[in-house]
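Q: Read in UniProt numbering, the sequence shown has 70 at position 70, and its numbers run on one by one without any break. Below you will find the structure I want to go over with you.
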Amino acid sequence: MIPHFYRAILSQFTVEQMGRYESFRRSNFQKSNMRRVMQICISCYHCLTPFCLQLLTSITGSQKIYMPLTIVVSGIAKIFVGELVETGK
Numbered sequence: 001m002i003p004h005f006y007r008a009i010l011s012q013f014t015v016e017q018m019g020r021y022e023s024f025r026r027s028n029f030q031k032s033n034m035r036r037v038m039q040i041c042i043s044c045y046h047c048l049t050p051f052c053l054q055l056l057t058s059i060t061g062s063q064k065i066y067m068p069l070t071i072v073v074s075g076i077a078k079i080f081v082g083e084l085v086e087t088g089k
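Structure representation (structure tokens):
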């Protein structure tokens, strides 16, 4: 069920905007690929500062990548890519 305020916003979209919105809603990053990218980033110790490693350890309890963290990073990446696409239009 779509809330009333949400329907009001969607009704104002042009056909082109609605197409981009539908594509955005359907798109996602595969969690296994995102986890692999995150593991590569973490294993690249010279790329991360000690503060970043300490922050990751304090959040997750270790330097392992758990599924909830992968979901959050995937969502942030999706929003980032969506912003890039909108800025490019």
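Every residue gets a Cβ at the ideal spot worked out from N, C-alpha and C, and that includes glycine.
Do you know offhand how far K31's Cα is from I9's?
A: Indexing the sequence shown from 1 puts residue 31 at position 31. Indexing the sequence shown from 1 puts residue 9 at position 9. Straight across, the Cα-Cα distance linking K31 with I9 is about 30 Å.
Q: Keeping to the same chain, check which residues put their C-beta closer than 8 Å to that of I65; ignore five residues upstream and five downstream.
A: In the sequence shown, residue 65 corresponds to position 65, counting from 1. Leaving aside the five residues that flank I65 on each side, the residues in its chain whose CB is nearer than 8 Å to its CB run, in chain order, R35, M38, Q39, I42.
Q: Whose C-alpha, out of M18, R26, R7, M67, is nearest the C-alpha of residue 93?
A: Limits of the chain in this structure are 1 at one end and 89 at the other, which puts residue 93 out of reach.
Q: Considering I31, what are the terminal residues of the alpha helix (DSSP H) in which it resides?
A: Position 31 of the sequence shown, counted from the start, is the residue given in the question as residue 31. Inspection of the sequence shows that residue 31 is occupied by Lys rather than by Ile. Taken as a continuous stretch (DSSP letters only), the alpha helix (DSSP H) holding K31 covers 31 to 43.
Q: What do you reckon, are the CB atoms on S58 and N28 nearer than 9 Å?
A: Position 58 of the sequence shown, counting from 1, holds the residue named residue 58. Position 28 of the sequence shown, counting from 1, holds the residue named residue 28. No, the pair does not count as a contact, with Cβ atoms beyond the cut-off.
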